[in-house]
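Residue numbers for the sequence shown, in the numbering used here: 21 to 517.
Where is the CB? At the ideal position from N, CA and C, for every residue including glycine.
Owing to the predicted nature of the structure, the values given are computational and were not obtained by experimental measurement.
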Amino acid sequence: MSYEPTDQVVQPPQVPDEEDQDEDDVFADPTTDHEVVGLSEQAPDDDNDDQMGDLPTPPSSSSSSSPPNNKDNSSATIDIHRGPVYSLSVLSQSSTSIKLVSGGGDDVANYTTLDLNTLQGPHQSITLANHTESVSSTAISKDATMIATGDFNGTIQLWDATKNCQVLRQLEGPSSVEDMKFHPRGNVLLVSGGDGTIWMYLAATGAIMQVFIGHSGAVSRGRFAGAGGRWVVSTGAEDGTLRVWDPRSGKNVCAFGNGNGEETKAGEFQFNSGGGGLFVLDCQEDLLAAGGEDGCVYVCNLPTEEVTNTGQVNVGKCIAKLEHSINSNSNSNSNSNSMTEGEEGSNSIEAIAFAPKKLNMKFLATGGVDGTMKIWDLSRGKPILRVTCVLGSGEVEGEGEGGEEVTNSGLIGVTDIVWHESLPIVFVGGSDGVVRAYDARSQANKPLAKFEGHEIGEMLNSMVVVCGENGGEDFVITGSDDHKIKVFKVASAKLIQ
């Protein structure tokens with residue numbers, strides 16, 4: 021089913037702290053299937069989407085099905101974006117519904133309620149407008165009362181999830197939004213900017229708590245880390261540094277970076293071979309992991325209070341350097357799904373994820389443009405590579421002219437990695453638009469399952485895994501360059517029996 025916006029136009033708030041808005045000035049007609057909140061009169065400007073590439077031609081409202089010969093084992097297709105889907109966040113879940121926020125290259129975000137009893141729809145959807153560029157990031161507050169959306173033009177908006185997504189306020193911030201994250205314990209929002217700054221807000225009022233300044237280029241990721249979210253950590257997409265900040269003072273207390281990647285003494289590594297950018301970051305307890313352009317993942321310890329009380333920026337030490345895709349340029353090929361085609365940085369790390377604490381496994385999963393997903397055991401003094409999976413390796417793609425099986429021989433880059441919250445299963449998104457599930461304990465290269473339905477060769481940009489209550493069915497939800505969101509119903513426990 022396709023959703024059409026209403027004709028009502030509602031202008032955005034003009035000042036960041038405006039709160040006293042009349043409800044009738046914010047909402048579109050509530051009787052329609054698809055509401056538009058805060059819709060701007062300005063049409064999306066495709067010329068400004070340089071950072072995400074040219075947008076494909078939007079599908080017609082009747083084209084909600086996959087093209088012929090596409091395998092599709094999805095349970096639902098949500099076809100409400102007119103551009104690539106870049107970001108997905110889950111607001112809440114219950115036994116009957118999932119509330120989902122998506123951001124796309126059509127300059128809008130959407131708030132959709134999935135009815136789990138009738139997955140095929142229709143699903144209620146509200147468009148969160150007022151953006152003038154691709155919505156690059158979405159975030160949900162811990163108590164699920166607020167939604168944050170940010171775009172490449174630097175527009176940051178907060179929405180009241182308890183009042184049908186009423187516009188709360190528009191925030192002053194960086195020149196462009198690269199990433200957003202709420203604090204794990206409260207309604208504090210962290211926004212990473214393309215201008216090298218990181219902004220921290222008290223979301224309840226819109227007040228700016230800190231602006232962290234120190235990176236010399238775009239900040240790719242920002243996270244709260246350590247016990248209780250004590251520290252703010254960030255990665256530079258251009259300067260190749262990992263920095264630790266004190267959120268109380270705003271000071272940069274520790275920096276990792278600009279080394280040559282060599283081991284200086286036992287257990288200590290200089291950071292970031294070649295000085296390339298860092299693109300991805302994950303944190304767990306006192307551990308940080310960052311990866312990027314040089315094909316390596318660097319594992320670091322958070323600084324201690326004693327180190328940070330010196331009043332100066334301390335040079336951090338890495339405890340491990342994981343060489344994920346060194347010398348992987350030799351794997352080049354001409355497959356159309358390959359992320360390396362025409363790119364120089366074909367070693368780059370695109371996804372990393374620590375295993376959830378529930379699993380009691382000190383594992384880190386890493387994925388790169390080289391087409392491999394690797395799982396590293398960090399529980400011992402020296403990291404041990406436990407699992408290596410090559411996406412698409414040996415998979416049957418179809419039949420040849422003579423009826424023989426045709427197997428995949430091309431490179432499929434990793435675009436996203438998500439662990440199951442309580443089972444040793446890793447879901448891996450690929451540049452071919454397919455999700456593959458792997459057993460984190462097994463050396464077998466073959467996936468446990470494949471989830472297909474996006475148009476062939478269209479990049480998978482974002483993925484969330486919603487685990488069912490009391491061991492019930494799980495849902496893998498994906499967003500792709502084909503403008504669609506796919507919902508896959510998964511009996512995860514049966515995959516590893």
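Q: Measure the C-alpha to C-alpha separation of N321 and N334 and round it to an integer number of angstroms.
A: 13 Å
Q. In three-state terms, what does DSSP make of K119?
A. strand
Q) Which of helix, strand or coil does DSSP assign to S512? A) S512 sits in a helix when the DSSP states are folded into three classes.
**Q.** Touching by the beta-carbon criterion (3+ pairs, under 8 Å), the region 194–209 and the region 155–169
**A.** yes
Q. How should G311 be labelled, buried or exposed, when 16 other C-beta atoms within 10 angstroms of its C-beta is the threshold for buried?
A. Classification for G311: buried.
Q | Residues that DSSP places opposite A523 in a beta bridge | A | The chain is shown from 21 up to 517; residue 523 falls before or after that span and cannot be answered.
Q. What residue from V510, N481, S413, S512 has the CA that sits closest to S109's CA?
A. N481
**Q.** Proximity below 8 Å, CB of E472 to CB of V454
**A.** yes
**Q.** Straight-line gap, Y131 to K119 (C-alpha atoms, nearest Å)
**A.** 7 Å
Q) Quick one: is the Cβ of L322 within less than 7 Å of any heavy atom of the ligand NAD? A) In the structure shown, the ligand NAD is absent, as is every other ligand, since no ligand is present at all.
Q | Terminal residues of the beta strand (DSSP E) in which E370 lies | A | 369–374
(Q) Considering Cα atoms alone, identify which of I98, S512, D163 is closest to A469. (A) S512
**Q.** Rounded Cβ spacing between W219 and V211 (contact assumed at less than 8 Å)
**A.** 5 Å
Q. How is the beta strand (DSSP E) around G193 delimited, first residue to last?
A. G193 -> no beta strand (DSSP E), and no H or E assigned at all.
Q. For A371 versus A460, is the C-beta spacing smaller than 8 Å?
A. no
Q) Going by C-alpha distance, which of T169, I98, A164, G401 is nearest Q140? A) The option with the nearest alpha carbon to Q140 is I98.
Q: Measure the alpha-carbon distance for L134 versus R102 and round it to whole angstroms.
A: 19 Å
(Q) Assuming V128 and H151 are in contact, meaning their beta carbons sit under 8 Å apart, how far apart are those beta carbons, in whole angstroms? (A) 6 Å
Q) Quick one: what's got a C-beta closer than 8 Å to E363's C-beta in the same chain, skipping five residues either side? A) At E363, the pLDDT of 46 sits below 50, so the modelled position is not reliable; the number obtained from the coordinates is stated separately. Here the set comprises V389.
Q. With a Cβ-Cβ cutoff of 8 Å, do C409 and T435 count as a contact?
A. No, the Cβ-Cβ distance between C409 and T435 is not below 8 Å.
Q | Residue of H474, I395, I476, K341 minimising C-alpha distance to I437 | A | The shortest Cα separation from I437 among H474, I395, I476, K341 belongs to I395.
Q: Could you pull the start and end residues of the beta strand (DSSP E) that C303 belongs to?
A: Per DSSP, C303 belongs to the beta strand (DSSP E) from 298–304.
Q.
I need the DSSP call for L379, collapsed to helix, strand or coil.
A. Look at L379 here: in three-state DSSP terms it is helix.
Q) Buried or exposed: K504, going by 16 or more other Cβ atoms within 10 Å of its Cβ? A) Result: buried.
Q | Endpoints, beta strand (DSSP E) assigned at D92 | A | Here D92 belongs to no beta strand (DSSP E), and DSSP marks it neither H nor E.
Q. When the Cα of Q517 is compared with those of P323, I445, H474, I476, which residue comes out closest?
A. The shortest C-alpha separation from Q517 is found at I445.
Q: Give the DSSP-derived three-state secondary structure of G226 in the structure shown.
A: coil
(Q) Going by DSSP, what residue range makes up the beta strand (DSSP E) through N130? (A) 129–135
Q: Using DSSP bridges, identify the partner residues of R263.
A: S254, A275
**Q.** Assigned exposure category for R456 - 16 Cβ within 10 Å defines buried
**A.** buried
Q) Which class does G248 belong to by DSSP, given the choice of helix, strand or coil? A) helix
Q) How do the region 226–239 and the region 248–265 stand: do at least 3 beta-carbon pairs fall below 8 Å, yes or no? A) yes
Q. Does DSSP put N150 in a helix, a strand or coil?
A. coil
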